[in-house]
Amino acid sequence: MIVTAPDFAAWRGAARALLAAEVSPADVLFDDGTAPGLFAAAELPPVPAGPALEVPRAFVALAESVSCHRDPQRWGRLYRALWRLTRGEPHLLDLATDDDVAWLFRAEKSVRRDAHKMKAFVRFRKVGEHFVAWHRPDHRIVRRVAPFFRRRFPEMHWSVLTPDDSVTWDREGLHFGPGVSARDAPPPDVLEDMWKTYYRATFNPARIKLKAMKKELPVRHWATLPEAALIPDLLAEAADRVAAMVQHSEGTPSAADFLPATRDLDGLRAAARDCTACGLCGPIVPPVFGTGPADARIALVGDQPDTSGAADELLDTALEEAGIDRAAVYRTTAVKQTAFAERDGAREPRRANAREVGACRPWLLAELAALRPAVIVCLGPLAAKAVLGPLFRFTERRGEVLPAGGTIAIATHFPATILRAPEEARAEIWAELVTHLARALELAGAGYHPPSHYSSRVPY
Amino acid sequence: MDTRRKLEVLADAAKYDASCASSGSKSTRRGSRLGSTEGMGICHSYTPDGRCVSLLKLLLTNYCVYDCKFCVNRVSSDTPRARFTVAEVIDLTVEFYRRNYIEGLFLSSGIVGSIDGTMEQLVAVARGLREGHGFGGYIHLKLIPGASAELVAEAGRWADRLSANIELPTAQDLHQLAPEKTRADITGTMTTVADGIAERAADRKAGLKAPVFAPAGQSTQMVVGATPTTDGVILGTADELYRTQKLRRVYYSAYSPTPHADARLPALRPPLLREHRLYQADWLLRFYGFEVSEVVAPGANLALDVDPKLAWALANRDRFPVDVNAAPRELLLRIPGVGVRNVERILAVRRHHALTVADLRALRVNWKSAAPFVLTGDHNPALRKLDTVGLKKSVQPTLFDDLDGYA
Chain Y
1 MIVTAPDFAA
11 WRGAARALLA
21 AEVSPADVLF
31 DDGTAPGLFA
41 AAELPPVPAG
51 PALEVPRAFV
61 ALAESVSCHR
71 DPQRWGRLYR
81 ALWRLTRGEP
91 HLLDLATDDD
101 VAWLFRAEKS
111 VRRDAHKMKA
121 FVRFRKVGEH
131 FVAWHRPDHR
141 IVRRVAPFFR
151 RRFPEMHWSV
161 LTPDDSVTWD
171 REGLHFGPGV
181 SARDAPPPDV
191 LEDMWKTYYR
201 ATFNPARIKL
211 KAMKKELPVR
221 HWATLPEAAL
231 IPDLLAEAAD
241 RVAAMVQHSE
251 GTPSAADFLP
261 ATRDLDGLRA
271 AARDCTACGL
281 CGPIVPPVFG
291 TGPADARIAL
301 VGDQPDTSGA
311 ADELLDTALE
321 EAGIDRAAVY
331 RTTAVKQTAF
341 AERDGAREPR
351 RANAREVGAC
361 RPWLLAELAA
371 LRPAVIVCLG
381 PLAAKAVLGP
391 LFRFTERRGE
401 VLPAGGTIAI
411 ATHFPATILR
421 APEEARAEIW
431 AELVTHLARA
441 LELAGAGYHP
451 PSHYSSRVPY
Chain Z
1 MDTRRKLEVL
11 ADAAKYDASC
21 ASSGSKSTRR
31 GSRLGSTEGM
41 GICHSYTPDG
51 RCVSLLKLLL
61 TNYCVYDCKF
71 CVNRVSSDTP
81 RARFTVAEVI
91 DLTVEFYRRN
101 YIEGLFLSSG
111 IVGSIDGTME
121 QLVAVARGLR
131 EGHGFGGYIH
141 LKLIPGASAE
151 LVAEAGRWAD
161 RLSANIELPT
171 AQDLHQLAPE
181 KTRADITGTM
191 TTVADGIAER
201 AADRKAGLKA
211 PVFAPAGQST
221 QMVVGATPTT
231 DGVILGTADE
241 LYRTQKLRRV
251 YYSAYSPTPH
261 ADARLPALRP
271 PLLREHRLYQ
281 ADWLLRFYGF
291 EVSEVVAPGA
301 NLALDVDPKL
311 AWALANRDRF
321 PVDVNAAPRE
331 LLLRIPGVGV
341 RNVERILAVR
351 RHHALTVADL
361 RALRVNWKSA
371 APFVLTGDHN
381 PALRKLDTVG
391 LKKSVQPTLF
401 DDLDGYA
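As they're listed, the protein sequences go chains Y and Z.
Take the first sequence: its letter number 414 is residue 414 in UniProt numbering, and every next letter is one higher.
Take the second sequence: its letter number 101 is residue 101 in UniProt numbering, and every next letter is one higher.
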C-alpha cells in the first residue's frame, strides 16, 4: 500500500496505524508528497483503542531529526526500524553496524551538519530595521533551526528565507511561510565591505590548506557568503605575499650578532666598529663608546652622543653641584651613534627610533656588564627604558632606586631637557637632577648589596 | 585613520593567534538581549588557510613596548600601527554579530603604557559589551601576564574564556626570544585564573550563588619551531599546564614567517605538519589516556610520516592484536584508526553480537590503519602483517602530507 507522509506528524500518525494493523514494512511504500504520485494513496487502517506502543526516547529524537532529510526513503527506513524495535529487537539502536541503523545514523548526521551550517552560514543583511537572510540548506531544516535564531537575536526583527520555507521573528513569535527564490534575496548592506576587509586581513597566506577549507565550507554555499567572492584573489596573491614576507624578514638584525667572545671594555669597543645592526654607524661614522675609568662607581647613560656639546656642559655643571668628581664617572649612551633626519636639505639630529634602540641595546648591556658600576644613572626616559625595561614609567618613577641586572639604577632628567623646558619649570628640573645625582653619589659610596631574591627583567 | 583601515591593520596583526575556538560556555548569560552561547561553538566561515572564522579576532592596538622576537608587533618591528578605541571595538562586534558573521570576540592587545593600563582597556571592551548592549555572545580576553589580580578577576566576570600565553615551551626559550616576559609572571597570572575558577566551583557546590567567572575556562598558546626545543619537551610543558593549571586547551602555533621578522628566526614556511602532529599527540593525552612518555621521549620529536597513535602501535606490537570483542575500553582506544566515538559503538554492539571485519568497516573505522591490529569474530586476513617487516609501509597513509581527519 502507498501512504503519503509530507511531514513528521503525518508519518507518525500513519506509522502508528500501520503498526497496530500489523502491516509489514515490505507491504508499505511511503510517498513524501514531493513528486506527484502515480498511484493514489491508500486509506490508512483505523488505529485500535488501547495503550500506545512504547519506543526508546532516543528513537523519537532520531526520527524527528531524520524526518528533515530530503531523501524520500527516510519514511520507509524509519518505519522498518520502528517495526523491528517493536518486534523483538528493542536494542536495535545499539547496533550501529546494522544496515538500517547505519543509514539512519548517517541521515541524522547529515541533517545535524546541515543545521550546524545553517547556524553558521546565514548572513543577515539590514533592510531598514529588518535583518533578512537568504540561505540554501540541503535539507528541510528551517523549522528545526529557527528557535536557535530566536534565542540568539531576540531583540532583532529578522527573516531567514530559503527555497523551501521561510521564517520571520517579529520579536513576539516565529512565523513560517513559503519558500523564496534566490532572485528575491536582500541586497548587500554597508557592513559587508567591513566584513570582507576583516576576512582578507585574518587570512595568513603562509598557511594555505584549501582542501581543509573546502571540507568545512562546501563550495555550494559560497554563493550566499559575501566573503567567498574574495577567495580566488586571496589564493592568487598568496605566493607573492609569502615571498614578500620572507624577503622583508631579513631587514632587522641586532647587535647581538656582533658581540665579541671577550667582553671587556676594550674588546667591546673594538668589535663595535664592525657593527651594522641599525644602520646608523659605519666606517665614516664609527660608534661612540663610553668614556671614563673602567673602575668607575657611577655610570651615566644618556640617550645618544651629544653632537653640540651643550648637554655635556650642563651635565658637568650638575655633577659639580652634586659634588661628583666628573673624572671619576663613566659616561655612555643607549644608542652609540646620533641619528639624523633631513629637513629642508639640512641634517638635524633626531631621536633614535625603537628599532635602533633595540638593535643597539646589546652593546649597552655588555658595556654595563663589563663595567659593573655600583650605580647606573639613567639620563632621560629613553636611557631609562633601555636599562630598566620598556615598561618603566619615567614621569612616575624617576628618582627611585631600582634594581637593574645585579646592580642598582636611578633615573633622572636628561640635562638638555632644561633647554627645552618652559622658563618657570627649569629651576625645579635642575634641582631634581642635582638631587638625584647627589643620591647616586651617596649610594655609590655606601656600596649596594642587592637582596638575593629579586629577579631582574633586564638580564646582562 | 578610519575604522576600516584600523580593522585591516589590527586584524592582520592578530592573525598569528592560533586559538579561535568559541566553545565551552554552556549557557547564555542571564538577561542577554543579543547573542547566545550554547556549548558548541560555531565556525562562521573559513579562510583558505583552512582555519575557521569564529570570533572577531582583533588587537586593541598593535603598538607594543615589548620586543618578543617572534612577534610581528614587537617594538623594533616597522609594521604599520593602529589603535582602536574601546567604543570602536564594541561597535564592530555588535554590528558583525547582528549579521551572524561571528560567534563573539577574541581580544588581545600590544602592551602600551603599563600592564594594568592595557588590561583595563581590554576589560572595558568586555564590560561595555555585556553591560551596555546586553551581549550574550562569546568573549575571549587575552590576559597581560603580570596584570593585577583585581583586573584578572574583573576580566573573568565579563569574559567566557581567559588566556595568558605561555609563548614558548621553555623558560630558556622565553629568556632568549621574549626577554621582557618571565615565566613566573605568566604562570602567576594563570594561577590567578585557575584559583578564580576553582573558587567559583566551590561556592556553587556549597549552594552559593557565585558570580560568573570565565565559564569556558582558560587556555594558552605556544609558538613552535622558533627555537630548537623538541616535541617531547613541548608536550611535557603542555601536560604540566593541563595538570597544574587545569587548562582547557593548549594551542600550538607553528612559527610563521611574519613580515618584518627578526633576522635570527627562520624565514621558512611554517612546519604545519609538525603543528598537526602536536595537536594529535595533545589529543591522545586528553582523550585517549596516553602519558607523554609513551607518545614521545623528552629529547625526541614526533614522527612526521605516521600519526602518533600509529607510531605508538608500531613501537608496541607486542600489545596487539587487540580483541575488539573482549578488550577493555582503554585498550580499544589504543587501536590505530579507531576513534573515541567508534570505541563507544563497539562496546554497545558487542553486548549483542560479536563484531566481524564487515562490522568494523560498517563503522567506518580507518581500516587501512586498524586492520593488522585487531582480532575480530571472524577471519581477519590482515592480521598476518602484524609481525612482518613491511607493517609500517602497509599502514602508513599514502600521501605524506595528508592532514585529513584524525581517528
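In this text, a Cβ means the ideal position worked out from N, Cα and C, and glycines have one as well.
Computed from a prediction, not measured in an experiment: that's the story for all the values here.
{"Item": "Proximity winner among Y:Phe-121, Y:Val-23, Y:Tyr-330, relative to Y:Val-375 (alpha-carbon distances)", "Value": "Y:Tyr-330"}
{"Item": "CB contact check: Y:His-91 to chain Z, cutoff 8 Å", "Value": "yes"}
{"Item": "Residue interval of the beta strand (DSSP E) (run including Y:Glu-155)", "Value": "Premise fails: Y:Glu-155 is in no beta strand (DSSP E) and is neither H nor E."}
{"Item": "Z:Ser-108, buried or exposed, once every other Cβ within 10 Å from all chains shown has been counted against 16", "Value": "buried"}
{"Item": "Rounded C-alpha distance that separates Y:Phe-392 from Z:Tyr-66", "Value": "11 Å"}
{"Item": "Limits of the beta strand (DSSP E) - the one that Z:Arg-161 falls within", "Value": "161-163"}
{"Item": "Buried versus exposed call for Y:Arg-420 [16 or more other C-beta atoms within 10 Å across all chains shown]", "Value": "exposed"}
{"Item": "Beta-carbon proximity of Z:Pro-298 to Z:Val-233, cut-off 8 Å", "Value": "yes"}
{"Item": "Y:Arg-273 and Y:Pro-286 closer than 8 Å at C-beta", "Value": "yes"}
{"Item": "Chain Y within 8 Å of Z:Ile-42, Cβ atoms only", "Value": "yes"}
{"Item": "Runs of beta strand (DSSP E) lying entirely within the segment 111-137 of chain Y, each at least 3 residues, in chain order", "Value": "125-127, 130-134"}
{"Item": "CB contact below 8 Å: Y:Lys-209 versus chain Z", "Value": "yes"}
{"Item": "Alpha carbon of Y:Met-156 to alpha carbon of Y:Val-127, nearest angstrom", "Value": "12 Å"}
{"Item": "Contiguous alpha helix (DSSP H) assignments of at least 4 residues, all confined to the segment 111-197 of chain Z", "Value": "115-127, 149-158, 171-177"}
{"Item": "Contacts around Z:Gly-337, its chain only, beta-carbon distance under 6 Å, and the 5 residues preceding and following it disregarded", "Value": "Val-365, Asn-366, Ser-369, Ala-370, Ala-407"}
{"Item": "Where Z:Lys-309 falls: helix, strand or coil (DSSP)", "Value": "helix"}
{"Item": "Where the alpha helix (DSSP H) through Z:Ala-362 begins and ends", "Value": "357-362"}
{"Item": "Helix, strand or coil at Y:Leu-388 [DSSP, three-state]", "Value": "helix"}
{"Item": "Positions along the segment 374-406 of chain Y whose CB lies within less than 7 Å of some CB in chain Z", "Value": "Gly-389, Pro-390, Leu-391, Arg-393"}
{"Item": "Cα-Cα separation between Z:Asp-185 and Z:Gln-221, rounded to whole angstroms", "Value": "15 Å"}
{"Item": "C-beta neighbour in chain Y for Z:Ala-313, strict 8 Å", "Value": "no"}
{"Item": "Z:Gln-221, DSSP secondary structure in three states", "Value": "strand"}
{"Item": "Whether Z:Arg-277 touches Z:Asp-239 by CB criterion (8 Å)", "Value": "no"}
{"Item": "Min CB distance Y:Leu-216 to chain Z below 8 Å", "Value": "The displayed chain sequence assigns Glu, not Leu, to residue 216 of chain Y. It does: the Cβ of Y:Glu-216 has a partner Cβ on chain Z nearer than 8 Å."}
{"Item": "Endpoints, beta strand (DSSP E) assigned at Y:Trp-169", "Value": "165-169"}
{"Item": "Touching by the beta-carbon criterion (3+ pairs, under 8 Å), the segment 67-76 of chain Z and the segment 97-108 of chain Y", "Value": "no"}
{"Item": "Segments assigned alpha helix (DSSP H), at least 4 residues, entirely inside the segment 160-236 of chain Y", "Value": "191-202, 210-216"}
{"Item": "Span separating the alpha-carbon of Z:Leu-333 from that of Z:Pro-145", "Value": "38 Å"}
{"Item": "Among Y:Arg-183, Y:Arg-136, Y:Thr-435, nearest to Y:Thr-224 - alpha-carbon criterion", "Value": "Y:Arg-136"}
{"Item": "Exposure of Y:Lys-385, with buried meaning 16 or more beta-carbon neighbours within 10 Å", "Value": "buried"}
{"Item": "Residues from the segment 122-139 of chain Z in contact with chain Y, defined by Cβ distance under 9 Å", "Value": "Gly-134, Gly-136, Gly-137"}
{"Item": "Nearest to Z:Ile-90 (by Cα), restricted to the options Z:Ile-139, Z:His-44, Z:Lys-15", "Value": "Z:Ile-139"}
{"Item": "With 16 other Cβ atoms within 10 Å as the buried cut-off, status of Z:Asn-316", "Value": "exposed"}
{"Item": "Expected contact under 8 Å - CB spacing of Y:Phe-30 and Y:Ala-5 to nearest Å", "Value": "5 Å"}
{"Item": "Simplified DSSP state of Y:Cys-360, which is helix, strand or coil", "Value": "helix"}
{"Item": "Z:Pro-48 at chain Y interface by Cβ criterion, 8 Å", "Value": "yes"}
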